[in-house]
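**Student:** Let me begin by handing over the structure; questions about it come next.
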Amino acid sequence: MTVETGRDRYAAGEDVTVRIEFRNRLPVPVTVRTPTPRLWGWSVNGHLEASDEPRRRLSGGDGSQLSFRSRERKRIVRHWDGRIKRVGEPTRWERVTGEVDIRAFLAVDGPQPADVTTVRLD
1 MTVETGRDRY AAGEDVTVRI EFRNRLPVPV TVRTPTPRLW GWSVNGHLEA SDEPRRRLSG
61 GDGSQLSFRS RERKRIVRHW DGRIKRVGEP TRWERVTGEV DIRAFLAVDG PQPADVTTVR
121 LD
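Last residue of the sequence shown? That's 122 in our numbering, and every number before it is there in order.
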């Protein structure tokens, strides 16, 4: 899998386009099973979906799966506005500056297939 942005630097307040690609390199179909309904995720400096909001742990049930045909690629695009949601009294959105790690991952048990890219917000 890969995660990338179009550039290495962005101005404060400028949207960052995040492109995530999952790829089956094998010549046969593959199914990846996840223990929860979450198939994949992205984070900014370790904050899931650019938020420090507490997440309830998804558990139980049958989980989910992500299926690929032979050599199939799945592409996802997200737009991040350069802010991180801070939960509290009051909840606020803080603009981030400096170097930022944007990570994407498959939500599997054990070591997660992942990729990270670093951008600078000025």
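The beta-carbon is built from N, C-alpha and C at its ideal position, and this holds for glycine as well.
Taking the Cβ atom as the reference point for each residue, do residue 142 and residue 73 lie within a distance shorter than 8 Å?
**Tutor:** The chain is shown from 1 up to 122; residue 142 falls before or after that span and cannot be answered.
**Student:** Residue 43: which of 37, 78 and 31 sits nearest, CA to CA?
**Tutor:** 78
**Student:** Measure how close the beta-carbons of residue 66 and residue 1 come, nearest whole angstrom, since I'm counting them as under 8 Å.
**Tutor:** Not really, about 11 Å apart at Cβ, beyond 8 Å.
**Student:** Determine the contact status of residue 32 and residue 115, defining contact as a CB-CB distance below 8 Å.
**Tutor:** no
**Student:** Name the one or two DSSP bridge partners that residue 31 has.
**Tutor:** 67
**Student:** Is the distance from the Cβ of residue 18 to the Cβ of residue 10 below 8 Å?
**Tutor:** no
**Student:** Starting from the Cα of residue 63, find the closest Cα among 84, 98 and 39 and give me that residue.
**Tutor:** 39
**Student:** Using three-state DSSP, classify residue 17 as helix, strand or coil.
**Tutor:** strand
**Student:** So is residue 42 in contact with chain D if we call contact Cβ pairs under 8 Å?
**Tutor:** Judged by its chain identifiers, the structure shown contains no chain D, having just a single protein chain.
**Student:** Straight-line CA distance for residue 121 to residue 98?
**Tutor:** So the alpha carbons of these two residues sit roughly 5 Å apart.
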